[in-house]
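The structure under discussion appears below in the form of structure tokens.
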Amino acid sequence: MALLGLATATAACSGGTTNKSGGSGGGGGLFTTIDVNRPGLDASAPANPWHPKGNSYLGYNAMKLGWVKNHVTDPNQFYPGIAAKWDIAEDNSSITLHLQPNAKWSDGKPVTAEDVKLSIGIAYTTGSTAFAVTPGAAGAAAEVEVVDDKTVKVTQDMSNPSSKFARGVMDSLVVPAHVWNSVLPADFWEKLKTSRGTGDAAEKAREEILAVGQKVLAFKPPEDVSAGPFTLERVNPGEALLLKNKNFFNAANVAPDQVKFLNFSGNEQIWNYLTAGKLDQSGFVAAPTDVMNRIKQAPGSHLIKGFSPVAVGMAFNQSKKPYDNVHVRRGLAYLIDRQQVTKVASPEGGTAAVTTTGIHQKPAQEWIGEELSSLEPYAHDVAKAETEFKEAGLQKKNGKWALADGSPWKVTMHAPSGFSDWISAQENIKSQLIENGVDAEVVTVADYPIYLEEIAAGKYDVGFWLMALGPAPYDIYQRLYGASNGWTNVAGKVKHSAPGKGGNWMGSAEEIDVEGVGKINPGELTGKLNAASAEEAKPIMTQLAKAANQDLPAIQLWDYVNTQFTNTSRFTGWPEQDSDLLRLPAGVWIQLGLVKKKQ
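Reading the sequence shown from the start, the letters are residues 1 to 599 in UniProt numbering.
Put into structure tokens, the structure is as follows:
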């Protein structure tokens with residue numbers, strides 16, 4: 001969620017100071033960037049990739065086993081990281097990792113299978129994807145075997161398999177055992193075996209393992225020992241400076257000698273950096289048209305655009321009237337001009353959704369094919385909106401819509417402060433609704449964590465909700481038919497909570513009668529996607545797309561476009577338009593040898 005939250009916007013900001021890049025290991029080739037995932041540098045934070053504010057930067061001094069490709073439909077394609085190659089079993093029951101043969105840590109010691117095993121142990125303590133201690137967790141690892149010094153085999157617990165198991169393994173961070181081995185107790189692996197059982201002993205073991213996670217978060221390595229292309233030299237409130245790691249296995253193709261991360265606390269400061277041409281690269285930041293035009297005019301400014309498997313929806317709390325009535329939701333879908341909203345809110349970073357399916361429109365073609373054209377587009381149509389409102393029993397008095405009992409109706413939309421595209425979108429929707437007789441207001445919330453907490457608690461009537469989070473089918477529909485709408489998947493069994501219970505703030509009906517399909521339980525269908533093959537998933541995706549289109553738990557407003565800001569003044573070799581590298585940190589581009597110094 002952190003990444004996707006920041007894919008929309010961050011908070012407004014003030015400037016930070018910077019120092020000249022000197023110190024040991026100086027030289028040319030300074031690469032300047034920001035970490036869009038974490039506003040605000042913390043000079044006192046350790047070089048710890050699990051620490052929330054840690055001075056550890058993915059692709060630069062923090063390394064994973066592999067880097068997930070941004071494929072439209074397949075979650076299990078990767079670029080090499082610490083693993084040079086990998087073999088995934090045909091039934092997805094295991095993945096065998098072959099480590100980079102020449103990989104060394106920055107202190108000269110070789111990267112070994114024991115480093116990977118210890119790192120996996122740490123992942124268990126933090127509840128990481130494939131390495132969860134929760135009994136029956138989908139896609140959980142069963143065994144971790146050191147085959148030899150450069151080979152590790154990880155097997156999946158096939159009692160509740162997940163099609164994303166390999167991804168969960170490859171997405172794991174790797175740290176040096178000779179620095180980090182003190183964080184795990186000597187009997188850790190015995191505790192882990194015990195935790196997989198039942199009864200008091202197993203429960204105690206699980207609690208003890210998760211308690212180690214707090215030790216992991218607080219751990220402060222005495223120095224940054226990295227297997228990545230850079231190591232942390234120093235950090236102050238204005239900038240973090242990293243120097244080239246001469247022991248990196250692909251150091252000969254790493255162009256920058258130094259990397260500087262600039263401090264920021266919100267969108268406006270990033271806009272200023274880009275407009276001044278200070279950044280060689282920045283991930284996506286929402287910007288209005290006039291700001292985007294200024295950025296484009298900066299010397300060397302270069303934009304790269306590609307697929308981003310994320311959409312934003314206007315989601316409803318159906319426990320609040322009148323949003324429990326599908327005709328109200330449909331009326332709003334007809335009344336809101338999505339093209340206008342997108343043009344105002346995300347002109348460079350989004351495309352208006354063709355309709356509501358719960359799937360980004362690009363992979364929707366792959367998953368549901370011709371069915372996409374048969375769905376109701378909800379094209380802007382005021383007359384159809386009025387018909388739907390009347391069907392719901394709403395009353396129109398003196399040109400203003402009221403509830404069925406005649407009491408006033410106001411559409412109250414919530415958004416996190418600083419999410420500039422969401423707030424702009426809601427202000428535009430507010431204007432459109434008021435123009436057509438629906439009273440509306442926009443309420444901003446202090447920050448994104450509070451927003452998520454309050455929306456989960458059912459405090460909002462209407463809020464914006466990130467959806468369509470691909471490429472895995474299960475993840476795509478978890479956003480509409482997962483825990484936020486009452487369905488939880490525990491040990492492969494889907495359970496439903498009533499509205500207002502267990503985080504269910506959307507409150508859709510447990511069963512929906514879908515035209516041309518019949519009665520379905522969308523949460524149970526979503527659960528089946530977890531272990532389904534691509535071909536098995538397609539008919540399920542079609543049924544869920546039809547359900548989302550007919551029932552509208554959210555109105556899909558726009559599908560994001562991944563817009564990367566780069567500058568050609570100092571470096572060349574940027575990824576091509578539509579490259580599947582665009583959702584990976586620029587540090588990965590550098591370590592793969594793409595980025596070159598300008599001659």
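Glycine included, C-beta positions come from ideal geometry on N, C-alpha and C.
For clarity, every value in this text was computed on a predicted model and none was experimentally measured.
Thr126 is positioned such that its CB atom lies no closer than 9 Å to that of Leu184. By the C-beta density criterion, Val443 is exposed, having fewer than 16 other C-beta atoms within 10 angstroms.
Measuring C-alpha to C-alpha distances from Met292 to each of Gln77, Lys320, Gly463 and Glu348 identifies Glu348 as the nearest. With a beta-carbon spacing of about 27 Å, Val312 and Phe78 fall beyond the 8 Å limit used to define contacts.
Note on Met158: under 16 other CB atoms within 10 angstroms of its CB, so exposed under the neighbour-count rule.
Runs of beta strand (DSSP E) with 3 or more residues, each lying fully within the segment 255–331, are found at 258–262 and 301–316, listed in chain order.
Secondary structure of Lys150 (DSSP, three-state): coil.
Residue Gly482 holds the alpha-carbon nearest to the alpha-carbon of Pro499 among Asp513, Gly228, Thr231 and Gly482. When rounded, the separation of the alpha-carbon atoms in Pro49 and Ser56 is 5 Å.
When rounded, the separation of the alpha-carbon atoms in Leu303 and Glu268 is 18 Å. For the 9 Å CB-CB criterion, Val152 and Lys117 form a contact.
With 16 or more other Cβ atoms inside 10 Å of its own Cβ, Ser106 counts as buried. When rounded, the separation of the alpha-carbon atoms in Ile429 and Lys598 is 45 Å.
DSSP places Thr488 inside the beta strand (DSSP E), whose first and last residues are Trp487 to Val490. Close CB contacts of Asp559 within its chain, under the 6 Å cut and outside five residues either way in sequence, are with Ala311, Thr351, Ala353, His360 and Gln361 (chain order). Ala534 sits close to Thr73, with the two beta carbons spaced by under 9 Å.
Per DSSP, reduced to three states, the secondary structure at Met506 is coil, with no helix or strand assignment. When C-alpha distances from Glu524 are compared across Gly516, Gly518, Asn489 and Ala548, the shortest belongs to Asn489.
Under DSSP, Gln564 shares a beta bridge with Ile304. In the structure shown, Met467 adopts extended strand secondary structure according to DSSP, grouped into three states. His98 sits close to Asp87, with the two beta carbons spaced by under 9 Å. Ranking Ile590, Val235 and Ser508 by CA distance to the CA of Lys260 puts Val235 first. Ala446 is the residue among Leu403, Ala446 and Asp405 whose C-alpha sits nearest the C-alpha of Gly418.
Assignment of Arg196 by DSSP, reduced to helix, strand and coil, places it in the coil class. Setting aside the 5 residues that flank it on each side, Gly40 is surrounded in the same chain by Asn263 and Ser265, each with a C-beta closer than 7 Å to its C-beta; the list follows chain order. Here Asp257 is not near Ala47, since their CB atoms are 9 Å or more apart. Annotated three-state conformation of Thr444 is strand, per DSSP. Considering only Pro101, Gly213 and His178, the residue with the shortest C-alpha distance to Ala132 is Gly213.
Around the beta-carbon of Asn160, 16 or more other beta-carbon atoms lie within 10 Å, marking it buried. Excluding sequence positions up to five before and after Phe307, its CB lies within less than 7 Å of the CB of Asn70, Val72, Lys362, Asn562 and Asp578, all in the same chain and listed in chain order. The residues Leu184 and Phe188, in chain order, have a CB closer than 6 Å to that of Gly121 in the same chain once the five nearest residues on each side in sequence are set aside. In this chain, Ile520 is not harboured by any alpha helix (DSSP H); it is covered by the beta strand (DSSP E) spanning Gly518 to Ile520. For Phe165, the enclosing alpha helix (DSSP H) starts and ends at Phe165 to Met170. Secondary structure at Pro473: helix, using DSSP grouped into helix, strand and coil. It is roughly 5 Å from the alpha-carbon of Gly54 to the alpha-carbon of Ala45. Taking 9 Å as the cut-off, the Cβ atoms of Ser484 and Gly470 do not count as close.
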